[in-house]
Amino acid sequence: MCGILLFGVWNSVGEQKTTTNLPSDLGQYLLPQRHHRILQDQDGVHDVHVTFFPAQPPRVSHFRVQCPGSAPSCFGEEPKILATDGKFVLFRIFIGPRYGIVRHDLHEYSIYCADGGPDGAPSLQLLPNPSPCIFHDDQVGLISRGTSYTIAGLRDDSSPLLHDLSDLGTYVVYLFNSEDKIWRPIPVSVPYKEECSDDDEEFLHETSKVITVGGEHGTIACVDLWRGILLYDVFSEVPMLRYIPLPGMFRPSTMPNGTPSITRDIAFLKGSIRFVHIMMLIESATRVFGDYVSGGWVATKWSIKAPFDENSCWTEDCTIDASDIFPAPLELLKDLPGKGGKPCEALETFHTGHPTLCLDDNDIVYFMAKVKQQDEKAWILAVDMNRRMLLQISEFGAERTFGLSYTYTQSRISKYLNMTPR
C-alpha cells in the first residue's frame, strides 16, 4: 500500500485504548494496525500519543491523537495534519482553552517520523514555535531528505493583515531545517512579468495547497487552485519564485469563488504536476439550504511536465462525463442508493466533488459522492478517467463533513509504517 487517502482535517481525540468515534467506514476494513504510542514532552506538562489506522483506498485512512490522563476536551481545537512527505508528517496541535486558538504562539507544531525512535520505532518531536513567523495551515509544505527534513511556509495574499498589499507579488517564505531547528524568514518576489494577469488585473495569489516536487533543488509548489502555482526551490542559494498559471479556461478573475478543493485538486507524480477539475451541472435552479438537483458532472484532467520552464505547457489528458462512466464489475452500482430506495442506475444523479488524484496511478481519481449535499453518509468513488471506468466504491461516514468540502488528502506515509505488532 504505497499511497493512501488520509484524513487531513478529521480525527478522533479520546482516551487511550478506546476505538469509539472512528469513522463508520473504517470499522471492518482496518488493516492490521499497530498503535504508535509516542511521547511528546513540553516542560513535563503533557504527553501526546498518535495512532494511524491505514486502510486501502478508496477507503479513507484515519489518525487519532490522544493525551493520556486528560479528557478529550483538553484539545481546544482538533489536531490537524498540515503536510506529509516520505516518512514524515507535520501536525499542528493546540492544547488549551478554545479561546486561545487565536494565539499563534500557543499552537504546537510536531513532526511524526515513522522510524525516528529507538529500534526504528515511530517518534513525535515537538518543534520550536514558529512565531512570529505566521502562516496558514494551507500554506505549509514538507520536504523529506532521508533522515532529515525541511518545512516551508509561504505568507502570501491570503494573509492581508500581515502583507503589504501595495507591494504586489512580494511575499515571505519561512523555512525550518531539522538539522539546526531554526525558523528563517526569506523575502521572495514573483517575477515582474507575472505581476499582471492576461486581463491586466493585479497579481493575486492565495495558497490553498502545497505539494512537494522535490528533486535536486528541493522544489515546493504553493498552489492557488483558482489561479496558478508558485514554485520555490528550497535548496537554491538564490531565493526566487517561478509562476505557472493554471490552464486558461480554469483561471477566474479576482472575485471570490468559494472553496476550490470542492471542485479541484493537484498533485505531483511521475515527473509531472497533475491537475483535475470537476464541473457540477445543476438540473434545478431551486436550492434549499445549499442543496440542489444534480444534472450530472464533467471532470477534466491536465498535466504539465518538469522542469516547468518557459517552454512547459499544460496538456489536457482527458475529459469524462458522468453519464459515460461504466462500472467494472457491473454489480458495483448496487452498492449505491438510488431514488425511492431502489438500486442506483446512474452516477450523474449524485452530488459529486472533492476530486483527489491518486499518487500511484496517473489515471485514477477519487471522488466524494452524496445523494444530497448535506447527507451524513457519502461514498468514495475510484474512477479510471482514461478508461471511463468505475473501479471501486467505499462507504464513508461524513457526519462531520460539510457538503463536499475538503476532508482528506493524499499521502505516501503508509509505505513507511511498520505494521508488525511489537
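Each step along the sequence shown adds one to the number in full-length UniProt numbering, with nothing skipped, and position 163 is 163.
Virtual Cβ for every residue (Gly too), placed ideally from N, Cα, C.
These figures come from a predicted structure and were not determined experimentally.
Using the three-state DSSP reduction, which class does residue i fall into: helix, strand or coil?
i: Ile101; result: helix
i: Tyr406; result: coil
i: Thr170; result: strand
i: Glu206; result: coil
i: Leu347; result: helix
i: Cys74; result: helix
Among residues of its own chain, excluding the 5 on either side of residue i, which ones have a beta-carbon nearer than 6 Å to its beta-carbon?
i: Asp384; result: Asp363, Ile364, Leu391
i: Asp335; result: Ile393
i: Tyr416; result: Lys87, Ala114
i: Asp265; result: Val276, Pro355, Thr356, Leu357
i: Glu206; result: Asp157, Ser158, Asp224
i: Ser178; result: Ser148, Tyr149
i: Pro191; result: none
i: Leu82; result: Leu90, Arg92, Asp137, Val140
i: Glu348; result: Gly296, Ala322, Ser323
i: Lys301; result: Val276, Asp317, Cys318, Met385
What are the residues that DSSP puts in a beta bridge with residue i?
i: Gly214; result: Thr219
i: Ala378; result: Phe396
i: Cys318; result: Lys301
i: Asp85; result: Phe88
i: Gln66; result: His49
i: Leu142; result: Ile151
i: Thr352; result: Ala369
i: Pro187; result: Val172
When burial is assigned at 16 or more other CB atoms within 10 Å of the CB, is residue i buried or exposed?
i: Val223; result: buried
i: His107; result: buried
i: Ser110; result: buried
i: Lys181; result: exposed
i: Asp105; result: exposed
i: Asp324; result: exposed
i: Lys270; result: exposed
i: Ile101; result: exposed
i: Thr219; result: buried
i: Arg412; result: buried
i: Thr212; result: buried
i: Arg64; result: buried
i: Arg103; result: exposed
i: Phe396; result: buried
For residue i, I'd like the list of residues in its chain whose CB is within less than 8 Å of its CB, leaving aside the five on either flank, ordered along the chain.
i: Ala398; result: Met368, Lys370, Asp375, Glu376, Lys377, Ala378, Thr407
i: Gln410; result: Gly3, Ile4, Leu5, Leu6, Ala267, Thr356, Leu357, Cys358, Leu359
Would you please state the rounded distance, in angstroms, between the beta carbons of residue i and residue j? I believe it to be under 8 Å.
i: Val60; j: Leu5; result: 5 Å
i: Ala221; j: Phe268; result: 7 Å
i: Tyr112; j: Val50; result: 6 Å
i: Leu126; j: Gln139; result: Leu126 to Gln139, Cβ: 21 Å. No contact.
i: Val234; j: Ala152; result: 6 Å
Among residues of its own chain, excluding the 5 on either side of residue i, which ones have a beta-carbon nearer than 7 Å to its beta-carbon?
i: Leu332; result: Leu390, Ile393
i: Pro128; result: Lys181, Trp183
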